[in-house]
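FYI, in mature numbering (1 follows the signal peptide of the UniProt record, and there is no 0) the residues of the sequence shown are -16 to -1, 1 to 236. We put the CB at the ideal spot given by N, CA and C, even for glycine. Predicted model, so just to flag it, every value in this text is computed and none were measured. See below for the structure under consideration.
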Amino acid sequence: MMRSFLPFLFLSMVSAQTVYLAGDSTMALGGGGSGTQGWGVLFPQFLTIPVVNAAVGGESARSYSDQGLFTKLISSVKKGDFVIIEFGHNDGTSGAVDNGQQDAVGDGFGITQNVTAANGSSILIHSFAFYIENAVNAIKAKGGVPIISSQTPDNIWSGSTIAPCGRFCTYAQTVGVDTSIVLVDHFSYVAQAYDNLGQTTTTTFYPIDHLHTNAAGALVVAEAFVRGLLCGTSTLKNFVNAAGKAVPNGCL
Ligand SMILES: *[C@@H]1O[C@H](CO)[C@@H](O)[C@H](O)[C@H]1NC(C)=O
Ligand SMILES: *[C@@H]1O[C@H](CO)[C@@H](O)[C@H](O)[C@H]1NC(C)=O
């Protein structure tokens, strides 16, 4: 009785590994609405293990933390699970009144800033690195494997190439170094794919603005993440399937 039960127990332990996605509308189900789509929806077809897409439109590293979304996600994380974290599009400064999303400006964990809430009260906010590194450490504490990913590019061109990333790609790199976790330079891998396709084709991926892609664009963005994964050192690449191994473009 026990003897025949054991292989099933082993199988269920092996298949329990899950990939969680934390991010914004560029990753989320339904993207930014109006027929757009997030890359996290197209990503699972390239993996041999299940994906839980916990990305939510409009979120930044700070708001995803403050609303308890990291805490909720991390409460589900089991030993060996992967968590891909990708923010930046909603993390920029918001002007005179705080929008609940902006991070304190600067590259590093300990940076803070006082901002004015809509009701006039002063609130202390922290840096991109602070919010994400706290999540990374909580994921590690549960035996999970966090992966930091740089934000996706906008459809903004500088001549025949995608315009360079702003400060949040640098911040993502710093998080990777400071916490000794793998960075997937998603921005650069998407930029490579877009540069190869050209501006005319890439622009067909953006039906409403220069931020949110349609499903065809989300597929290119998902493929670019897989390429970055395969070219890097994360053990998540061991769970890329045959379709994933066949995604276009090369290592940077
Ligand atoms: C924020 O405000 C508090 C209280 O006035 C002050 O002690 C602190 O130094 C301020 N921090 C920053 C980064 O401005
Ligand atoms: C003012 O708004 C902030 C941010 O939403 C909130 O934390 C705080 O409790 C509010 N203060 C008052 C007095 O309503």
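Separation of residue j from residue i, as counted between CA atoms
i, j, result
"Gly201", "Val161", "30 angstroms"
"Asp8", "Ser44", "7 angstroms"
"Pro191", "Leu203", "15 angstroms"
"Gly79", "Gln97", "13 angstroms"
"Leu13", "Thr55", "20 angstroms"
"Ile165", "Phe27", "21 angstroms"
"residue 240", "Met11", "Outside the displayed range of the chain (-16 to 236) lies residue 240, so it cannot be described from this structure."
"Gly19", "Val129", "32 angstroms"
"Gly234", "Gly216", "12 angstroms"
"Ala206", "Trp23", "5 angstroms"
"Leu220", "Phe66", "7 angstroms"
"Tyr115", "Gly15", "23 angstroms"
"Leu5", "Thr77", "24 angstroms"
Three-state secondary structure assigned by DSSP to residue i
i, result
"Glu70", "strand"
"Ser9", "coil"
"Ser(-13)", "Since pLDDT at Ser(-13) reaches only 46, below the 50 mark, its modelled position is unreliable, and the value read off the structure follows with that caveat. Ser(-13): helix per DSSP, three-state reduction."
"Leu(-8)", "Caution applies to Leu(-8), whose pLDDT of 48 falls short of 50 and renders its modelled position unreliable; the model cannot decide the point."
"Leu236", "coil"
"Asn222", "helix"
"Gln97", "strand"
"Ala(-1)", "coil"
"Ala80", "coil"
"Ala208", "helix"
"Ala156", "helix"
"Ala202", "helix"
"Ala102", "coil"
"Ala113", "helix"
"Ala230", "coil"
Chain-order list of residues whose beta-carbon lies under 6 angstroms from that of residue i (same chain, five-residue window excluded)
i, result
"Gly72", "Gln135 and Phe152"
"Ser47", "Gly84 and Gln85"
"Ser218", "Ile131 and Val166"
"Leu195", "Asp138"
Other residues of its chain near residue i: CB distance less than 8 angstroms, five sequence neighbours each side excluded
i, result
"Ala113", "Asp91, Gly92, Phe93, Ile95, Tyr155, Thr158, Val159 and Asp162"
Same chain, Cβ closer than 7 angstroms to residue i, neighbours up to 5 away in sequence not counted
i, result
"Ile33", "Gln1, Thr2, Val3 and Phe223"
"Trp141", "Ala147 and Gln183"
"Gly228", "Phe30, Leu31 and Val210"
"Asn187", "Position check: residue 187 holds Thr in this sequence, whereas Asn was assumed. So the qualifying residues of the chain are Asn139."
"Asn198", "Gly19, Thr20, Gln21, Phe189 and Pro191"
"Leu108", "Thr96 and Asn98"
"Asp212", "One detail in the question is off: residue 212 reads as Gly in this sequence, not Asp. Closer than 7 angstroms at the Cβ level, and outside the excluded window around Gly212, lie Val168, Asp169, His170 and Tyr173."
Review point. Are there three or more Cβ pairs, one per stretch, closer than 8 angstroms when the region 60 to 74 is compared with the region 92 to 107?
Key: no
Check your understanding: Would you call the region 128 to 138 and the region 173 to 180 touching, i.e. three or more CB-CB distances under 8 angstroms?
Key -> yes
Review point. What alpha helix (DSSP H) runs, 4 residues minimum, are completely inside the region 116 to 150?
Key: none
Check your understanding: Can you list, in chain order, the stretches of the alpha helix (DSSP H) that have 4 or more residues and sit fully within the region 27 to 76?
Key -> 45 to 50 and 53 to 60
Check your understanding: Which whole runs of the beta strand (DSSP E) in the region 166 to 196 are 3 residues long or more, in chain order?
Key -> 166 to 168
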